[in-house]
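Asks: Using our numbering, read the sequence shown as starting at 37 and increasing by one per residue. For glycine and all other residues, C-beta sits at the position ideal for the given N, C-alpha and C.
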Amino acid sequence: MRNFLSFRHILKICMLCCFIYSCGKETKQVDEKKEENNEPPITIPAGDVTVACYYFPNWGPVAQSEWNTVKFAQPKFAGHQQPKVPEWGYENENEPTVMAKKIDAASANGIDAFIFDWYYTDEGTYLKEALEQGFLNAPNNNKIKFALRA
37 MRNFLSFRHI LKICMLCCFI YSCGKETKQV DEKKEENNEP PITIPAGDVT VACYYFPNWG
97 PVAQSEWNTV KFAQPKFAGH QQPKVPEWGY ENENEPTVMA KKIDAASANG IDAFIFDWYY
157 TDEGTYLKEA LEQGFLNAPN NNKIKFALRA
């Protein structure tokens, strides 16, 4: 199960990179065509767009937490500095105070919503604590919306 989850996460990251790369290329082509046709650029009215970010909730005390990967990382080549300590330290996102800090940072920088990765298997839900214990109990959770990605 662990190898499958790791493969799935690597696949998601690769797909996201391809998506971002292709969006950049497509945007340039559209902009070039508009310049050729002398069409004005599209302006998006304020408030009509919701900016959401994908939130992978695996930074807590669970055995499969990604913190173990970060904490015990080893240098792989000359100049590769590992392990690196995150700017905010090794936090447990299941804690409402930790999630409150993330909500403040996101909302202050234009993020309107978190899309929480949500797993449901035959054994039940998985990685739900960041949402149920952290986000929903954060005192400032009214600053940002949320959705589930199942």
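Going along the chain, which residues of its own chain have a beta-carbon closer than 6 Å to the beta-carbon of N28, five neighbours each way excluded?
Replies: The chain is shown only over 37 to 186; residue 28 falls outside these bounds and no answer can be derived.
Asks: Go through its chain and collect everything with a Cβ distance to F92's Cβ below 7 Å, but skip five positions before and after it.
Replies: For F92, where only same-chain residues beyond five positions count, the Cβ hits under 7 Å are D153.
Asks: Pick out whichever of P132, D84 and P77 has its Cα sitting closest to the Cα of Q169.
Replies: Taking only the C-alpha atoms, the option nearest Q169 is P132.
Asks: According to DSSP, is A142 part of a helix, a strand, or is it coil?
Replies: A142: helix per DSSP, three-state reduction.
Asks: Looking only at its chain, what residues have a beta carbon closer than 6 Å to the beta carbon of K179, apart from the 5 residues adjacent to it on each side?
Replies: Around K179: I139 and S143.
Asks: Excluding the 5 residues preceding and the 5 following K181 in the sequence, name in chain order all residues of the same chain whose CB lies nearer than 7 Å to its CB.
Replies: Here the set comprises D148 and A149.
Asks: Just list the residues that DSSP pairs D84 with in beta bridges.
Replies: None; D84 has no bridge partner.
Asks: Considering only C-alpha positions, which residue in the set Y162, K112 and F108 is nearest to V121?
Replies: That would be F108, whose Cα lies nearest to the Cα of V121.
Asks: Measuring only the C-alpha atoms, how far is V66 from N145?
Replies: With a pLDDT of 48 at V66, under the threshold of 50, the modelled position of that residue is not reliable, and no figure is offered here.
Asks: From K70 to Y126, what does the alpha carbon distance come to, in whole angstroms?
Replies: Because the pLDDT at K70 is just 49, under 50, the model does not fix this residue reliably, and the value given afterwards should be weighed accordingly. Cα to Cα, the separation comes out at about 47 Å.
Asks: Since I49 and A88 are thought to touch, with beta carbons under 8 Å apart, how far apart are those beta carbons, to the nearest angstrom?
Replies: I49 to A88, Cβ: 18 Å. No contact.
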